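S.K.:
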Amino acid sequence: MLAPGKSTVALLLAALSLAIWVPGCRRSPAASATPLPPKVNVGQPTVRELTDEDEYNGFLESSSVVEVRSRVRGHIQKLHFQDGDNVVVGQLLFELDPRPFQVQVDQALAYGRALEAQKLAAEKDVARYQELIRSGAASKQELEKAQADAASYDAQISAKMEEVRQHQLDLEYSQIKAPITGRVSRAELTEGNLVNAGGSDPLLTTIVATDPMYVYFSVDERSLQRYMKARQADQPVRQQKVPFRFALDSDEGFPREGVLDFADNRVDADTGTIQMRGVVENKEGLLVSGSRVRVRLPVSKPYSAVVVPDTAILSDQNRRYVLVVDSQNIVSRRDVTLGRLLADSMQVILPDDSGVPAVSPDEWIIVQGLQRARINYEVERVEPDQKPLP
């Protein structure tokens, strides 16, 4: 028989062993359950209307540049603009002293009136000699001389009227006006200066047209051939009204638009390029001649293309593929051929040789959580209208 102290210890050890053994014999429900499929974000390919574009560097240039010069000699009496002003065609810019020109007009008119009076007297002589001839008091030679004098005054009056018109033009030219609408440069000569001194023809100022503007850029020969195939090569560029997009260095993307209106008639043998020109509106006056721009020119006709997010593309050596989730939520691999990457990070999927794209808009592809998915295994789809993965 065990001593009381030893029996107590033995009972405690037996109870402890039983407590350890019984939980170990039980199977945990969590350990026996099947693992849940991983969650992945999915999306469907979309179809877009696209046009292939090439990008070039170009520059802006005014559609018209005019040097303002005086046609007559005189002193500048007044300037009617501030340097850098926007002016309209016909606006007064420089005013020369008009008095010398007005004097010339008045003198020519006065001389013309004197000739008119002399002509009137000559016509009276002709009438008098005609009466005298009938009475035998004058000879035919005297009548012919009087008629010649009257005709001479006619010619002198016509010449003097032409002189009057020339002086009136000079008076008009003393008002130097803007020949085009645009932005004026600074005045090269100011009030008090003599214009055309010594017969020179000094520059007074320059005006550049600001609306529309031209965009010049050069296209390589290979791209030109692609462009000609996509368009009607037998028509001038201006008639085809080909649109293009462009951007300043400070612009995001290519927000501005224009239309091609000119292509040079030959390829530069040194550079292998041909110069092209587009017309763009500049109603707000933000475009400045000489600015550098980036140009995107369409080189294909519009076409439909399947696009997917760039994040959905995986690579395997030199091959690209996406992970497709079928109706049973099973993952499969689908090799794709990539086109260009769009500005919004959407990737163009090119069709195969039969013209069918590798993925279609009614399929689901994994766009996020690709590292959780395994080919031929099940996943849990999180579609766009569901809560996205954390």
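Residues are numbered in this note's numbering as their position in the sequence shown, beginning at 1, plus a constant of 2.
By construction, the Cβ of each residue, glycine as well, lies at the ideal position given by its N, Cα and C atoms.
All values derive from a computational prediction rather than experimental measurement.
Below 8 Å between beta carbons: does that hold for L379 and V326?
M.R.: Here residue 379 turns out to be Tyr, not Leu, going by the sequence shown. No.
S.K.: Curious, which full-length alpha helix (DSSP H) runs of at least 4 residues does the stretch 79 to 151 contain?
M.R.: Counting only runs of 4 or more, we get 101 to 137.
S.K.: Considering R240, what are the terminal residues of the alpha helix (DSSP H) in which it resides?
M.R.: Element bounds for R240: 239 to 242.
S.K.: In chain order, which continuous runs of the beta strand (DSSP E) of length 3 or greater are located wholly inside the stretch 255 to 339?
M.R.: For the stretch 255 to 339, whole beta strand (DSSP E) runs of length 3 or above, ordered along the chain, are 258 to 265, 275 to 282, 294 to 300, 305 to 311, 316 to 318, 321 to 327.
S.K.: Could you please give the first and the last residue of the uninterrupted beta strand (DSSP E) stretch that includes I209?
M.R.: Start and end: 205 to 210.
S.K.: Provide the residue span of the beta strand (DSSP E) that contains N59, from first to last.
M.R.: It spans 55 to 64 - the beta strand (DSSP E) in which N59 sits, taken as one unbroken run.
S.K.: Anyone know if the C-beta pair for V310 and Y323 falls short of 8 Å?
M.R.: Not a contact, by the Cβ cut-off of 8 Å.
S.K.: Count the other CB atoms within 10 Å of the CB of P204; is the residue buried (16 or more) or exposed (fewer)?
M.R.: It counts as exposed.
S.K.: Beta strand (DSSP E) containing Y216: first to last residue?
M.R.: Per DSSP, Y216 belongs to the beta strand (DSSP E) from 215 to 222.
S.K.: Spatial neighbours of V281 within its chain, please: C-beta separation below 7 Å, excluding the five flanking residues on both sides.
M.R.: The residues are P214, Y216, G260, V261, D263.
S.K.: Exposed or buried, what is I377 when buried is set at 16 or more other beta-carbons lying within 10 Å of its beta-carbon?
M.R.: Looking at its Cβ environment, which holds fewer than 16 other Cβ atoms inside 10 Å, I377 is exposed.
S.K.: Going by DSSP, name the residue or residues bridged to H77.
M.R.: H77 is bridged to L196.
S.K.: Leaving out the 5 sequence neighbours to the left and right, which residues in its chain are closer than 8 Å to P102 when beta-carbon positions are compared?
M.R.: Correct list, in chain order: G76.
S.K.: Is the CB-CB distance between A124 and A148 below 8 Å?
M.R.: Yes, these two residues count as a Cβ contact at 8 Å.
S.K.: Within a Cβ cutoff of 6 Å, which residues of the same chain sit near T212, ignoring the five residues on either side of it in sequence?
M.R.: Contacts found: G184, R185, N284, G287.
S.K.: Rounding to the nearest angstrom, what Cα-Cα distance links L352 and V49 in this structure?
M.R.: The straight-line gap from Cα to Cα measures roughly 12 Å.
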